[in-house]
Amino acid sequence: MGYRYDHLHLRSRDAVAAARFYGEVLGARETGREGGETPSRIMLDVGGLTMFIEQAPEGIAAAAVPPHRGIEHIGFRVEDIEATVADLAARGVPLVSGITDIRPGLRIAFFEGPDGVRIEVLQRG
C-alpha cells in the first residue's frame, strides 16, 4: 500500500480573508472555489502545497494554542530568512519568534496566520 500527499485542509472563520492572507503573504495562487458568491471552500496552491480553506460554521471552536498535540505548524522553506522576516514584520504579520539558529545549516522563525495557524519559515544551507 502506498500513500502520497494530497492536500492540507484548514477551517476558517473567514475563508475569503484567510485565502487573501495566504495569497498576499505567501504568494498562494487560488485554483478554485466552491459555493458561489460566499464560498464554502477556497482551494489554493502554496508553493506546491494544495490547501483547502473551508468556511467554518458558527459554533466551531477556535484552534488550540501552540504548543499542543496534533498538527502544530506548517513549514515553508525560504532562500533568505532575514529578508523574509523583515518583509513579514513590515506587513504587520504577527511574529511568534524571531530567527533561531537550530543547528548549523538550519535557521527558523515562526509567525501567526489566520485562525491561529502557526507558520514556520526555514532556511537550510
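Residue 38 in full-length UniProt numbering sits at position 38 of the sequence shown; the count goes up by one each step and never skips.
Heads up, the beta-carbon is just placed ideally off N, CA and C, and yes, glycines get one too.
**Endpoints, beta strand (DSSP E) assigned at glycine 75** = Mapped onto the sequence shown, residue 75 falls at position 75. 74-77 is the span of the beta strand (DSSP E), which, as asked, contains glycine 75.
**Request:** Determine the burial state of valine 85: buried for a count of at least 16 other Cβ atoms within 10 Å of its Cβ, exposed for fewer.
**Result:** The residue you call residue 85 lines up with position 85 of the sequence shown. Label assigned to valine 85: buried.
**Message:** Assuming aspartate 101 is part of the beta strand (DSSP E), what are its boundary residues?
**Reply:** Here residue 101 is taken as the residue at index 101 of the sequence shown, counted from 1. Start and end: 95-103.
**Prompt:** Are the region 75-91 and the region 50-58 in contact at 8 angstroms, needing three or more beta carbon pairs?
**Reply:** no
**Request:** Check whether the Cβ atoms of valine 93 and valine 121 lie closer than 7 angstroms to each other.
**Result:** The sequence position of residue 93 within the sequence shown is 93, counting from 1. The sequence position of residue 121 within the sequence shown is 121, counting from 1. No, they are not a contact pair.
**Every unbroken beta strand (DSSP E) within the UniProt domain "VOC" (4-124), with a cutoff of 3 residues, ordered by chain** = 8-12, 29-34, 41-46, 49-55, 74-77, 95-103, 106-112, 118-124
**Prompt:** Hey, proline 114 and serine 12 are a contact pair by Cβ (cut 8 angstroms); roughly how many whole angstroms apart?
**Reply:** Numbered from 1 along the sequence shown, position 114 holds the residue referred to as residue 114. Numbered from 1 along the sequence shown, position 12 holds the residue referred to as residue 12. With a Cβ gap of about 6 angstroms, proline 114 and serine 12 count as contacting.
**Request:** Would you tell me roughly how many angstroms separate the C-alpha atoms of valine 117 and aspartate 101, rounded to the nearest one?
**Result:** Position 117 of the sequence shown, counting from 1, holds the residue named residue 117. Position 101 of the sequence shown, counting from 1, holds the residue named residue 101. Rounded to the nearest angstrom, the two C-alpha atoms are 22 angstroms apart.
**Member of Gly75, Val96, Arg69 whose CA lies at the smallest distance from the CA of leucine 26** = Residue mapping note: residue 26 aligns to position 26 of the sequence shown, counting from 1. The residue with the shortest Cα to Cα distance from leucine 26 is Gly75.
**Asked** Distance, Cα to Cα, serine 97 vs aspartate 14?
**Response** Mapped onto the sequence shown, residue 97 falls at position 97. Mapped onto the sequence shown, residue 14 falls at position 14. Rounded to the nearest angstrom, the two C-alpha atoms are 25 angstroms apart.
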